[in-house]
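See below for the structure under consideration.
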Amino acid sequence: MRKDGFLISTQGIQCRCVESKIETDRPHHGRPAISPFQKGQASTVGVAMRKALLGEIEGTGVTCAKSGEIKCEYSTIPGIRETIHDTSVNLKEIAPRGNFRDTQEAYIYVTGPKEVTAGDILLPSGVKVVDHLQYVATITKPVSVRIDSRIEKGCGYRTSDPKVHEDGESPVDAVSTSVRSVNHSIHPFENNERMGEMLFLEVWTNGSLTPCEVSHEASKKLIDLFNPFLNIGESFLSHGNANSFDVATSQFWNRTDNLAREITLKNTSVDQLELPPRVYNCLKRADVNTIMDLLNYTREDLRKIKNFGRRSADRVSAALWERSSIKLPSKLKKE
Numbered sequence: 001m002r003k004d005g006f007l008i009s010t011q012g013i014q015c016r017c018v019e020s021k022i023e024t025d026r027p028h029h030g031r032p033a034i035s036p037f038q039k040g041q042a043s044t045v046g047v048a049m050r051k052a053l054l055g056e057i058e059g060t061g062v063t064c065a066k067s068g069e070i071k072c073e074y075s076t077i078p079g080i081r082e083t084i085h086d087t088s089v090n091l092k093e094i095a096p097r098g099n100f101r102d103t104q105e106a107y108i109y110v111t112g113p114k115e116v117t118a119g120d121i122l123l124p125s126g127v128k129v130v131d132h133l134q135y136v137a138t139i140t141k142p143v144s145v146r147i148d149s150r151i152e153k154g155c156g157y158r159t160s161d162p163k164v165h166e167d168g169e170s171p172v173d174a175v176s177t178s179v180r181s182v183n184h185s186i187h188p189f190e191n192n193e194r195m196g197e198m199l200f201l202e203v204w205t206n207g208s209l210t211p212c213e214v215s216h217e218a219s220k221k222l223i224d225l226f227n228p229f230l231n232i233g234e235s236f237l238s239h240g241n242a243n244s245f246d247v248a249t250s251q252f253w254n255r256t257d258n259l260a261r262e263i264t265l266k267n268t269s270v271d272q273l274e275l276p277p278r279v280y281n282c283l284k285r286a287d288v289n290t291i292m293d294l295l296n297y298t299r300e301d302l303r304k305i306k307n308f309g310r311r312s313a314d315r316v317s318a319a320l321w322e323r324s325s326i327k328l329p330s331k332l333k334k335e
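The numbers in UniProt numbering rise by one with no breaks, and the one at position 52 of the sequence shown is 52.
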């Protein structure tokens, strides 16, 4: 059991890691406490932190195993008790730790009989495993065995793609996350005669990062996600200024605006145009339900709808311009 001085203060709200310990079978457990919150705020932070911890934290894992003896994942290497598949699963459970960006290569080269553990893996400089005793395989005969493996960083669970691997490689469905499990609980308390809330996070990791480290990283990820909203007023004011955007940014916003407009039109009912009942019913019978549907018609096309004359087309055109500042197309694009 260890007490930490992990302390952050923002506008009176403090976070302290009140408990941190290493449990059996390698999980590291930590319990950050954050308070004081106003009523309702703890739930907002707790849900966001849980999602960020489970989905946004980058981890390190074994993504591939290779041996010259591999024919398929369920074959065996002479002298090894486990199949290639079982050995790969054991390698996947290993928790590497290191500060690197590119793919790293590691390998096992041992002579049996021997029980192979994570401590037998020859790792590149700056990379280490959390538990050297973690089981990999058993060599039952006096033979030399070499297994190469690939270590990569990533987020979450990644399914392997056999198409991108070479012959002799056994792809691994990598679990590239340090976080095993997250729970949160909220406890009300009285603070200066006012009711407040305290948030407890329960975080379990595989040991490659501590619970306090992943909590710190998750909060940074959330801040990065919300940062654009801090400048939302400035963004709207400068959005129409050509000098404030380079070409790539301008093209991005054009695509974004077009997509937002299309989504809006698809979800805006013709009810919003407040048309006369007779005109509205004619459109509904022609299966024109949204503004996007309506933009598939020219004036001439509308007049072809049963009981729909020139005056009805004029009403639709006027309402469309008044409500949405949109004109009916003069002619339709050919698909």
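Glycine is no exception: its CB is placed at the ideal position from the N, C-alpha and C atoms.
Please read all numbers here as calculations on a predicted model, not as lab measurements.
Checking the DSSP bridge columns, you'll see residue 28 partnered with 22 and 205. By the Cβ neighbour-count rule, residue 150 is buried, with 16 or more other Cβ atoms within 10 Å of its own.
Look at residue 229 here: in three-state DSSP terms it is helix.
Of the candidates 78, 80, 180 and 196, the residue whose Cα lies closest to the Cα of residue 214 is 180. Going by C-alpha positions, residue 87 is about 40 angstroms away from residue 223.
The beta-carbon distance between residue 316 and residue 291, rounded to whole angstroms, is 11 angstroms. This is too long to meet the 8 angstroms contact definition. One thing to note: residue 117 has its Cβ within 7 angstroms of the Cβ of residue 135.
Within the same chain, and ignoring the five residues on either side of residue 310 in sequence, the residues whose Cβ sits closer than 7 angstroms to its Cβ are 303.
Non-local C-beta neighbours of residue 155 in its own chain, meaning closer than 8 angstroms and more than five positions away in sequence, comprise 55, 56, 57, 58, 59, 176 and 177, ordered along the chain.
No Cβ-Cβ contact shorter than 7 angstroms links residue 94 with residue 137. Residue 306 and residue 297 have their C-alpha atoms roughly 14 angstroms apart. Take residue 48, set aside five residues on each side of it, and the residues of its chain with a beta-carbon closer than 7 angstroms to its own are 222, in chain order.
Selection 267, 183 and 227 evaluated against residue 51 yields 183 as nearest (Cα-Cα). Sixteen is the threshold: when 16 or more other Cβ atoms of the shown chains lie within 10 Å of the Cβ of residue 108, as they do, the residue is buried. Runs of alpha helix (DSSP H) with 4 or more residues, each lying fully within the segment 57 to 99, are found at 84 to 92, listed in chain order.
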